[in-house]
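Have a look at the structure below before the remarks.
In our numbering, the protein residues as written are 9 to 127.
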């Protein structure tokens with residue numbers, strides 16, 4: 009219970025500090041001669057030469073495409089990769105047929121010892 013009391017005390021301290029901070033922030037525009045917070049913010053932005061940052065959009069979002077969900081690699085998938093490697097299919101052909109990425113095919117082949125070591 010002592011821990012819960014300490015947590016409650018810290019929460020009260022945080023709330024008091026937040027209240028004090030917001031009180032001080034609300035006084036800033038008037039302290040520097042601005043009629044509103046919007047005017048003050050515009051002046052700060054102009055002084056720093058920075059516009060507000062927009063939310064980041066992923067590269068896939070910029071192109072309008074959604075990413076494919078991550079493939080579930082099962083023992084059956086690994087067995088299919090092994091048999092296709094034995095049938096002399098390329099990694100690209102295997103990836104296309106199993107709907108997984110080429111790097112995933114390479115990782116499976118490496119884990120099974122089906123790739124030659126770099127010389």
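Virtual Cβ for every residue (Gly too), placed ideally from N, Cα, C. The structure displayed is predicted, hence computed values, not measured ones.
For residue 83, the enclosing alpha helix (DSSP H) stretches over residues 83-94. Distance from residue 117 to residue 89 at the Cβ level is roughly 7 Å; contact confirmed, criterion being Cβ atoms closer than 8 Å.
Contact between residue 37 and residue 45 is confirmed by a C-beta separation of about 5 Å, below the 8 Å threshold. Distance between residue 74 and residue 113, taken at the CA atoms: about 22 Å. With respect to the C-alpha of residue 81, the residue from 119, 39, 30, 18 having the closest C-alpha is 119. Only residues of its own chain outside the window of five on either side were considered, and among them 109, 110, 112, 113 have a CB closer than 8 Å to the CB of residue 103, listed in chain order.
The beta carbon of residue 10 lies closer than 6 Å to none in the same chain, with the five residues before and after it left out.
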